[in-house]
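For what it's worth, my numbering labels the leading residue of the sequence shown as 3, then goes sequentially.
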Amino acid sequence: MKTLTVSVVTPDGPILEDSFEMVSCKAESGELGILLGHIPLVAPLSISAVRLKRENNIERLAVNGGFMEVRPDKVTILAQSAEKPTDIDIQRAEAAKARAEQRLQSKQDNVDFLRAELALQRAINRLKVAK
Ligand code: ATP
Numbered sequence: 003m004k005t006l007t008v009s010v011v012t013p014d015g016p017i018l019e020d021s022f023e024m025v026s027c028k029a030e031s032g033e034l035g036i037l038l039g040h041i042p043l044v045a046p047l048s049i050s051a052v053r054l055k056r057e058n059n060i061e062r063l064a065v066n067g068g069f070m071e072v073r074p075d076k077v078t079i080l081a082q083s084a085e086k087p088t089d090i091d092i093q094r095a096e097a098a099k100a101r102a103e104q105r106l107q108s109k110q111d112n113v114d115f116l117r118a119e120l121a122l123q124r125a126i127n128r129l130k131v132a133k
């Protein structure tokens with residue numbers, strides 16, 4: 003089994019470091035599938051699920067933005083936040099989603115719509131990964 007090391011780090015500390023056969027993630031330029039020996043690159047990540055494949059099993063992480071650095075034998079993901087499905091508080095994400103939706107529907111001038119849209123994306127991403 004050809005594997006590469008995957009390390010996921012956030013401001014809260016390391017979230018995961020382990021060996022996987024393939025890392026799939028959504029860069030801002032599109033979907034990337036990384037295998038051992040990939041050419042080096044740095045890419046900004048979208049709010050999305052990172053999928054980590056090993057022995058027919060796929061682990062998922064909800065990642066909030068950040069960057070990935072790819073080297074032939076290692077992928078490092080530096081994200082603002084990253085959660086495993088078991089660490090996601092579904093009620094909290096549901097509440098964040100409802101709050102963001104309310105703000106986006108509001109007609110008030112003082113609503114920061116971009117901020118609300120990003121909060122909505124984070125909440126939807128967490129709910130998808132948790133379920
Ligand atoms: P909220 O409004 O609920 O705080 P948020 O999207 O603004 O959500 P972030 O700023 O992305 O939250 O994250 C702040 C911290 O809280 C990070 O450490 C993140 O991992 C954690 N976090 C946020 N939402 C959840 C959740 N639903 N379950 C578990 N951890 C969460």
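Virtual Cβ for every residue (Gly too), placed ideally from N, Cα, C. As the structure is a prediction and not an experimental result, all values here were calculated from the model.
### Task
Output the residue ranges of the alpha helix (DSSP H) runs that lie fully inside the stretch 40 to 115 and measure 4 residues or longer, sorted by chain position.
92 to 107
#### Entry: Alpha carbon of Arg53 to alpha carbon of Gln110, nearest angstrom
39 Å
#### Entry: For Val25, the residue or residues it bridges with in DSSP
Ile36, Leu54
### Message
Our contact map puts Leu43 next to Met24 with C-beta atoms below 8 Å; I'd like the distance itself, whole angstroms only.
### Response
Leu43 to Met24, Cβ: 16 Å. No contact.
### Task
Pull up the CB-CB distance for Ala81 and Leu129, whole angstroms please, since I reckon it's below 8 Å.
So it is not a contact: roughly 18 Å between Cβ atoms.
### Query
Using CA coordinates, which residue listed in Arg105, Val72, Asn66, Gln104 is at the minimum distance from Ala84?
Asn66
### Query
Does DSSP put Glu19 in a helix, in a strand, or in coil?
strand
### Query
Going by other Cβ atoms of all chains shown within 10 Å of its Cβ, with 16 needed for buried, is Asn151 buried or exposed?
In the structure as shown, the chain starts at 3 and stops at 133, and residue 151 therefore has no counterpart that could be examined.
### Sequence-distant residues of the same chain with beta carbon closer than 8 Å to Ala29, five excluded per side
Ala45, Pro46, Leu47, Ser48, Met70
#### Entry: Cut-off 7 Å between Cβ atoms - residues of its own chain near Asp75, not counting five sequence neighbours on either side
Leu6, Thr7, Leu38
### Task
Count the other C-beta atoms from every protein chain shown that fall within 10 angstroms of the C-beta of Ser1, then say buried if there are 16 or more, exposed otherwise.
Coverage of the chain is limited to positions 3 through 133, which leaves residue 1 absent and any answer about it impossible.
### Query
Thinking just about the alpha-carbon of each residue, which of Glu57, Arg101, Pro16 is nearest to the one in Lys4?
Glu57
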